[in-house]
Amino acid sequence: MTRTDIHVAVIADAERALGRPERALDVAKEVDHATLPKEVAIELKIVAAGARRDLGQLDAAVVALQGPDLDPKLRQPWSFRLFYAYADNLAAAGRTDEAVQWFLHAAEADVEEETDAAERAAELSA
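Residue numbering for the sequence shown follows the working numbering, starting at 45 and increasing by one per position.
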């Protein structure tokens, strides 16, 4: 084993899949986020927000994704996933207008069209 935390987001997400969102949050807290590669740190942030949502903590899920990386001007390889997760959690929290805007940001950043962000924005706008 490499003794790194490079797979921590996958491990935390596996805990969610097993129905243990509290354990997923514990896994996310146990790692030093400053030592993670940026894309792993972002993915872990998305997983932790999902765990909060699993627990019914919708506002906490939204807040968990906020920070300097949540900038619509950023075009990092992980930006569209962060924007999409943020939009999805805003929608779940009933903040539809904000969700539409962030789905549009996600669609703009998703140059490979890996998500349905544009469709989700259209659905929420209808």
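The C-beta atom is built at its ideal place from N, Cα and C for all residues, glycine as well.
Test item: CB-CB of residue i and residue j under 8 Å
i, j, result
"residue 83", "residue 121", "yes"
"residue 123", "residue 93", "no"
"residue 109", "residue 52", "no"
"residue 170", "residue 162", "no"
"residue 49", "residue 99", "no"
"residue 103", "residue 137", "yes"
"residue 107", "residue 134", "no"
Residue i to residue j span [Cα, whole Å]
i, j, result
"residue 96", "residue 168", "23 Å"
"residue 111", "residue 139", "18 Å"
"residue 164", "residue 62", "27 Å"
"residue 147", "residue 156", "15 Å"
"residue 76", "residue 66", "18 Å"
Best match in the options for proximity to residue i [C-alpha to C-alpha]
i, options, result
"residue 71", "59, 81, 79", "59"
Cutoff 7 Å; reference residue i; Cβ partners in own chain excluding five residues on either side
i, result
"residue 119", "153"
"residue 132", "none"
Segment limits, alpha helix (DSSP H) that includes residue i
i, result
"residue 94", "82 to 98"
"residue 163", "161 to 169"
"residue 64", "Counting along the chain, residue 64 falls outside any alpha helix (DSSP H), and DSSP gives it neither H nor E."
"residue 144", "140 to 153"
"residue 134", "123 to 136"
Chain-order list of residues whose beta-carbon lies under 8 Å from that of residue i (same chain, five-residue window excluded)
i, result
"residue 114", "126, 127, 130"
"residue 91", "53, 56, 57, 60, 68, 72"
Residues near residue i in its chain [Cβ-Cβ closer than 6 Å; skip 5 each side]
i, result
"residue 45", "Interpretation of residue 45 is limited by its pLDDT of 46, a score under 50 that renders its predicted location unreliable; the figure taken from the coordinates is listed afterwards. Closer than 6 Å at the Cβ level, and outside the excluded window around residue 45, lies no residue."
"residue 64", "none"
"residue 142", "134"
Cβ-heavy atom distance, residue i to the ligand MN, below 7 Å
i, result
"residue 93", "As presented, the structure is devoid of all ligands, the ligand MN included, so that no description of it is given."
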